[in-house]
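Take 347 as the starting number for the sequence shown in this note's numbering and just add one per residue. From the three backbone atoms N, C-alpha and C, an ideal C-beta is built for every residue, glycine too. Note that the structure is a prediction, hence the values are computed from the model and not measured.
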Amino acid sequence: MNKERNRAWRRFKTKMKSKRGGQSQDSKETPEKNWKLMYIRSEKLIRAKQLGIDYPIKTSRQILDDEQPLEDK
């Protein structure tokens, strides 16, 4: 009994095992990709860091205040 167990067989078995658990592996904890559907601020901060964008968006006034500190005399 020499059965060939290739990648397709392993993927099939994994899928069958995950169906027994009630939830497939594909739908487990996929991050939200639509920015409008992300409600929690911490999630938006993490996703913005992954995408390399600045969030929350700073106004030009905030940027200038951060770069040029006031000198006290």
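When you compare only the Cα positions, how much space is there between residue i and residue j?
{"i": "K404", "j": "N380", "result": "21 Å"}
{"i": "Q396", "j": "K365", "result": "31 Å"}
{"i": "M384", "j": "S406", "result": "25 Å"}
{"i": "K363", "j": "K349", "result": "20 Å"}
{"i": "E413", "j": "K361", "result": "54 Å"}
Helix, strand or coil for residue i, going by three-state DSSP, please let me know.
{"i": "D400", "result": "coil"}
{"i": "T360", "result": "helix"}
{"i": "R351", "result": "coil"}
{"i": "Q408", "result": "helix"}
{"i": "E417", "result": "coil"}
{"i": "K379", "result": "coil"}
{"i": "I386", "result": "coil"}
Quick check: is any heavy atom of the ligand ADP less than 6 Å from the C-beta of residue i?
{"i": "W355", "result": "With respect to the ligand ADP, the structure shown offers nothing to examine, as it has no ligands at all."}
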